[in-house]
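> Those protein sequence lines, which keep their order, are chains A and B. With the first sequence counted from 1, adding 44 to any position gets you my numbering. With the second sequence counted from 1, adding 6 to any position gets you my numbering. Just so it is clear, CB atoms sit at the ideal spot from N, CA and C, and this is done for glycine as well. Given the structure is predicted, the values throughout are model-derived calculations rather than measurements. Input: one structure, supplied below.
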Amino acid sequence: MELLVCIKQVPDAKDVRLDPRTNTLAREGVESIMNPFDRHALEEAVRLKEAHGGTVTALSMGPPQAEAVLREAIACGADRGVLVSDRAFAGADTWATSYTLARAIDTIGSFDLILCGKQAIDGDTAQVGPGLAARMNLPYVTCVQKTRDVVDGGIEVERMMDDGYDVVRLPLPALLTVVKDINEPRVPSLKGKMKARKADIPVLSAADIGAEEACIGLAGSPTRVVNVFSPEPRGDRKIFTGTAEEQVDQLIEHLRDFL
Amino acid sequence: MDYFLTEEQEMIVETAREIAREKIIPVRAELDEKNEFAASILEDIARADLFGIFVPEEYGGLGGGCFEIVLALEELAKGCVGVATTFAASALGIFPVLIAGNEEQKQKYLPDIAAGSRWAAFGLTEANAGSDASGIQTTAVLDGDEWVLNGTKQWITNGGEAQIYTIVALTDPSKGARGASIFIVEDGDPGFSYGKKEDKMGIRSSATRELIMQDCRIPRDRLVGRKGTGFITVMKTLDVSRPGIASLGVGLGQAALDEAVTYAKQRVQFGKPIIGFQAIQHMLADMATQVEAARALVYAAARHIDAHPKNMSKVSSMCKVFATDMAMKVTVDAVQVLGGYGYMKEYPVEKMMRDAKILQIYEGTNQIQRNVIGQELNKEYA
Ligand SMILES: Cc1cc2nc3c(=O)[nH]c(=O)nc-3n(C[C@H](O)[C@H](O)[C@H](O)COP(=O)(O)OP(=O)(O)OC[C@H]3O[C@@H](n4cnc5c(N)ncnc54)[C@H](O)[C@@H]3O)c2cc1C
Ligand SMILES: Cc1cc2nc3c(=O)[nH]c(=O)nc-3n(C[C@H](O)[C@H](O)[C@H](O)COP(=O)(O)OP(=O)(O)OC[C@H]3O[C@@H](n4cnc5c(N)ncnc54)[C@H](O)[C@@H]3O)c2cc1C
Numbered sequence: 045m046e047l048l049v050c051i052k053q054v055p056d057a058k059d060v061r062l063d064p065r066t067n068t069l070a071r072e073g074v075e076s077i078m079n080p081f082d083r084h085a086l087e088e089a090v091r092l093k094e095a096h097g098g099t100v101t102a103l104s105m106g107p108p109q110a111e112a113v114l115r116e117a118i119a120c121g122a123d124r125g126v127l128v129s130d131r132a133f134a135g136a137d138t139w140a141t142s143y144t145l146a147r148a149i150d151t152i153g154s155f156d157l158i159l160c161g162k163q164a165i166d167g168d169t170a171q172v173g174p175g176l177a178a179r180m181n182l183p184y185v186t187c188v189q190k191t192r193d194v195v196d197g198g199i200e201v202e203r204m205m206d207d208g209y210d211v212v213r214l215p216l217p218a219l220l221t222v223v224k225d226i227n228e229p230r231v232p233s234l235k236g237k238m239k240a241r242k243a244d245i246p247v248l249s250a251a252d253i254g255a256e257e258a259c260i261g262l263a264g265s266p267t268r269v270v271n272v273f274s275p276e277p278r279g280d281r282k283i284f285t286g287t288a289e290e291q292v293d294q295l296i297e298h299l300r301d302f303l
Numbered sequence: 007m008d009y010f011l012t013e014e015q016e017m018i019v020e021t022a023r024e025i026a027r028e029k030i031i032p033v034r035a036e037l038d039e040k041n042e043f044a045a046s047i048l049e050d051i052a053r054a055d056l057f058g059i060f061v062p063e064e065y066g067g068l069g070g071g072c073f074e075i076v077l078a079l080e081e082l083a084k085g086c087v088g089v090a091t092t093f094a095a096s097a098l099g100i101f102p103v104l105i106a107g108n109e110e111q112k113q114k115y116l117p118d119i120a121a122g123s124r125w126a127a128f129g130l131t132e133a134n135a136g137s138d139a140s141g142i143q144t145t146a147v148l149d150g151d152e153w154v155l156n157g158t159k160q161w162i163t164n165g166g167e168a169q170i171y172t173i174v175a176l177t178d179p180s181k182g183a184r185g186a187s188i189f190i191v192e193d194g195d196p197g198f199s200y201g202k203k204e205d206k207m208g209i210r211s212s213a214t215r216e217l218i219m220q221d222c223r224i225p226r227d228r229l230v231g232r233k234g235t236g237f238i239t240v241m242k243t244l245d246v247s248r249p250g251i252a253s254l255g256v257g258l259g260q261a262a263l264d265e266a267v268t269y270a271k272q273r274v275q276f277g278k279p280i281i282g283f284q285a286i287q288h289m290l291a292d293m294a295t296q297v298e299a300a301r302a303l304v305y306a307a308a309r310h311i312d313a314h315p316k317n318m319s320k321v322s323s324m325c326k327v328f329a330t331d332m333a334m335k336v337t338v339d340a341v342q343v344l345g346g347y348g349y350m351k352e353y354p355v356e357k358m359m360r361d362a363k364i365l366q367i368y369e370g371t372n373q374i375q376r377n378v379i380g381q382e383l384n385k386e387y388a
């Protein structure tokens, strides 16, 4: 089973501050760590590899120092790490990030399963996983709390819900985003650390992955951060029933009220 | 203080520290309360490759020695001396094979030990043979191609949990200490069973149990080393293992000091943090000095032993006595610094003080260590 894990280097949550002028994250002088959800995605990939064979590739887009999380991933059981890094990627939102990751994945190989964290603890959008799946035309499930079984070219997983979980079977290749309940990540092993220290981490540029200039970095990012605030507690929820068509009709009807 | 560790040694320290922080500390109070063996933590330790640190590379280990064990145990002991004891006892249990085993035995057992897929235990003590190990009554008689063992071992760490047991038994009772030999007994061998499980003052997450051999039949090739050399191997084993117990004292003392200083900075009485009182400062200063002195001695002893000198008993005993007496004193003082809170189970120093006591007792009491040091001095000044 060929597995790929998307790993983001994030500022340590203990230190997160917003720049009051720009409403973006202040990153100077803050220690960087592996996004905690991605640690669980990596652990799940390593366990799937241990159970079914294959390899685990860790992929990150970020500045050169993001190489550190890839070495850490190797220490925790990944077979290799690939960094996509280029000044042209700076300022990427989730739209540009998912494009860039998709281009990178196409460049480095083909994979049966791609794992992402549910969300990054800095950007917090939880959009990159689904965005990446859409870009790659892959079926996906978010908030996976358990991978149950890999059979007949498919995988059966549990998706965490507010009140229980769904069991979803999807064909491979596919993409999953995982929650922390999925596993207890291991402590990096001594042999892993030694391997990580010596590992070659290839760095791919925008040109290496054949990325179009207009689609990456700030230029490829339609998002503008207008304001950052803590949301109100969640309001009423509504569950639509019936056939897919009926549900869509009800949803459109419902949304009309807000227009 | 900088002890000039190699990069590999630094990695061992870091790995053991992460295990303590992430896997041991969150559950240590519960393990203590429930008297529960920490099997899942051992699996974490195995996955991190720590069981392999002292196993030669040709058997799948990392090829370290006594010093590497000391470094790992110190960090594990900062988390919980019970869990660390389990690790130490497994190393103790396999040392006889490393020291005196033949190639087949090493091939058979060491890779599993390095991978952490099997654990070991060391069976010497009996009801009537504690400090005076020569009083053991367990016997081994050769019957065709099998050894037949009879006897009961008492207070064996990892008893019932380990899969590999090194057992000291008399093969020639008439020869006394020269008539003892070491055997490997495996979990599941016919006639081998487990008896009473102990309910202890401290290190409650480590299993301490009776081993019962009743016409226990094992293949002939389970004899470790030559017949009759059992006690020589036991002495060599303990020389190498004692710095490990000493390092449990260092880790425990350090952990108690950390708790005491942290608390003394926060606790306000008479309008200021109690660390502002000189009486408290002096206590903390003495604790810190003793911890560092013990660490320096243990590291030096372990490095000395790894150089394979002819005689290592004296330094081995010295570091065990010094570091474990230190741990007892420092943990008692830590409870004192925390006052009434220190006496309560909500704070970890209460457990630390209970855990410290065993270090002065097992792997040779501190009186016996002083006997060894005294006898060596007597020889040196002849
Ligand atoms: C409010 C807000 C403020 C922002 N402030 C800044 C800022 O100050 N500076 C800035 O540069 N950007 C900023 N961004 C952009 C944000 O960091 C990016 O959108 C980023 O592309 C990923 O989005 P996310 O962090 O929400 O990831 P999510 O969609 O929450 O991440 C889900 C998963 O996708 C994968 N993933 C995400 N990013 C990467 C990556 N780079 N490499 C590999 N895998 C990845 C991981 O598996 C992760 O667990 C901000 C975004 C928002 C919404
Ligand atoms: C929790 C625990 C785990 C253990 N694990 C193991 C294990 O894994 N394997 C194993 O083989 N054993 C194990 N032991 C046994 C341990 O090594 C013995 O308890 C220890 O050697 C002391 O023997 P004893 O308890 O019989 O004390 P005794 O020998 O009866 O001693 C009682 C007291 O007399 C003192 N004393 C005895 N002789 C002398 C002397 N000549 N000079 C001065 N003072 C003396 C002792 O220091 C002690 O204070 C364990 C014990 C405990 C409590």
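Count Cβ pairs between the stretch 240-257 of chain A and the stretch 113-123 of chain A that sit closer than 8 Å; are there 3 or more?
Yes: the two stretches touch, three or more of their Cβ pairs being nearer than 8 Å.
> Does chain B have any CB closer than 9 Å to the CB of residue 195 of chain A?
No, residue 195 of chain A lies away from the interface with chain B (no Cβ there is under 9 Å from its Cβ).
> Are the C-beta atoms of residue 129 of chain A and some chain B residue less than 9 Å apart?
No, residue 129 of chain A lies away from the interface with chain B (no Cβ there is under 9 Å from its Cβ).
> Against chain A, which members of the stretch 49-81 of chain B pass a CB distance test of less than 8 Å?
Listed by position, the residues of the stretch 49-81 of chain B near chain A (Cβ gap below 8 Å) are 50, 53, 54, 55, 56, 58, 59 and 68.
> With distances taken from CA atoms, which of A/119, A/223, A/182 and A/244 is nearest residue 217 of chain A?
For the residues A/119, A/223, A/182 and A/244, the minimum Cα distance to residue 217 of chain A belongs to A/182.
> On the DSSP bridge assignment, give the partners of residue 229 of chain B in chain order.
In the DSSP output, where bridge partners are listed per residue, residue 229 of chain B has B/189.
> If you count every other CB in all the chains shown that lies within 10 Å of the CB of residue 220 of chain B, and 16 or more means buried, which is it?
Exposed, because fewer than 16 other Cβ atoms sit within 10 Å of the Cβ of residue 220 of chain B.
> Would you list the one or two residues that DSSP bridges to residue 198 of chain B?
For residue 198 of chain B, which the question treats as bridged, DSSP gives the partners B/219.
> Any beta-carbon of chain A closer than 9 Å to the one on residue 21 of chain B?
It does: the Cβ of residue 21 of chain B has a partner Cβ on chain A nearer than 9 Å.
> Anything in chain B within Cβ reach of residue 234 of chain A, meaning under 9 Å, just list it in chain order.
Correct list: 14, 17, 18, 21, 54, 55, 56, 58, 59 and 68.
> Leaving aside the five residues before and after residue 247 of chain A along the sequence, list all residues of the same chain whose C-beta is less than 6 Å from its C-beta, in chain order.
Answer for residue 247 of chain A: 127 and 129, listed in chain order.
> Among the candidates A/297, A/142 and A/94, whose CA atom is the shortest distance from the CA of residue 330 of chain A?
It is not possible to answer for residue 330 of chain A, since the shown part of chain A is limited to 45 through 303.
> If we count the other Cβ atoms within 10 Å of its Cβ and call it buried at 16 or more, is residue 273 of chain A buried or exposed?
By the 10 Å Cβ count, residue 273 of chain A comes out exposed.
> Please report the residue range of the beta strand (DSSP E) in which residue 153 of chain B lies.
152-163 is the extent of the beta strand (DSSP E) around residue 153 of chain B.
> Tell me whether the beta-carbon of residue 163 of chain A lies closer than 9 Å to the beta-carbon of residue 104 of chain A.
Taking 9 Å as the Cβ cut-off, residue 163 of chain A and residue 104 of chain A do not qualify as a contacting pair.
> Name, in chain order, the residues that DSSP records as bridge partners for residue 175 of chain B.
In DSSP, residue 175 of chain B forms a bridge with B/187.
> Go through the stretch 55-95 of chain B residue by residue and report every complete run of the alpha helix (DSSP H) that reaches 4 residues or more, in order.
Fully enclosed alpha helix (DSSP H) runs of 4 or longer: 72-85.
> So if DSSP puts residue 47 of chain A in a beta bridge, which residue, or which two residues, is it bridged to?
According to DSSP, which records beta bridges pairwise, residue 47 of chain A is partnered with A/100 and A/157.
> Using 9 Å as the limit for Cβ to Cβ distance, is residue 231 of chain A near chain B?
Yes, residue 231 of chain A counts as interfacial toward chain B.
> By the three-class DSSP mapping on this structure, what secondary structure does residue 389 of chain B have?
The displayed coordinates of chain B run from 7 to 388. Any statement about residue 389 of chain B would go beyond what the structure contains.
> Verify whether the separation of the beta carbon atoms of residue 143 of chain B and residue 152 of chain B is less than 9 Å.
For residue 143 of chain B and residue 152 of chain B, no; Cβs fall outside 9 Å.
> Determine, using beta carbons only, whether residue 238 of chain A comes closer than 9 Å to chain B.
Cβ-Cβ to chain B under 9 Å: yes for residue 238 of chain A.
> Are there three or more Cβ pairs, one per stretch, closer than 8 Å when the stretch 246-266 of chain B is compared with the stretch 317-331 of chain B?
Output reads yes: the stretch 317-331 of chain B touches the stretch 246-266 of chain B.
> To the nearest angstrom, how far is the alpha carbon of residue 296 of chain A from that of residue 303 of chain A?
If you take the alpha carbons of residue 296 of chain A and residue 303 of chain A, they lie about 11 Å apart.
> Determine the direct distance from the alpha carbon of residue 121 of chain B to that of residue 75 of chain B, and round the result to whole angstroms.
Going by the C-alpha atoms only, they are around 15 Å apart.
> Can you list the residues of chain A that residue 28 of chain B reaches, using a CB-CB cut of under 7 Å?
What residue 28 of chain B touches in chain A: 231.
> Taking Cβ positions only, does residue 24 of chain B come closer than 9 Å to chain A?
Yes, residue 24 of chain B lies at the interface with chain A (some Cβ there is under 9 Å from its Cβ).
> Tell me, please, whether the CB atom of residue 241 of chain A is closer than 9 Å to any CB atom in chain B?
Chain B, which has a Cβ nearer than 9 Å to the Cβ of residue 241 of chain A, makes this yes.
> If the criterion is Cβ atoms closer than 9 Å, does the pair residue 253 of chain A and residue 151 of chain A meet it?
Cβ distance < 9 Å, so residue 253 of chain A and residue 151 of chain A count as in contact.
> Whose CA, out of A/280, A/259, A/79 and A/277, lies closest to the CA of residue 168 of chain A?
Of the listed residues, the one whose Cα sits closest to residue 168 of chain A is A/79.
> According to the Cβ coordinates, are residue 6 of chain B and residue 216 of chain B closer than 9 Å?
The question about residue 6 of chain B has no answer here: the residues shown for chain B are numbered 7 through 388.
> Tell me whether residue 84 of chain A is buried or exposed, calling it buried when 16 or more other Cβ atoms sit within 10 Å of its Cβ.
Its Cβ being crowded by 16 or more others within 10 Å, residue 84 of chain A is buried.
> Per DSSP, residue 205 of chain A forms a beta bridge with which residues?
Answer is A/208, bridged to residue 205 of chain A.
> When the Cβ atoms of the stretch 130-139 of chain A are set against those of the stretch 171-179 of chain A, are three or more pairs found closer than 8 Å?
Yes, since at least three Cβ pairs between the stretch 130-139 of chain A and the stretch 171-179 of chain A fall closer than 8 Å, the two stretches touch.
> Bridge partners of residue 76 of chain A, per DSSP?
Bridge partners of residue 76 of chain A: A/55.
> With 16 as the cutoff for other CB atoms within 10 Å, does residue 101 of chain B come out buried or exposed?
Under this definition residue 101 of chain B is a buried residue.
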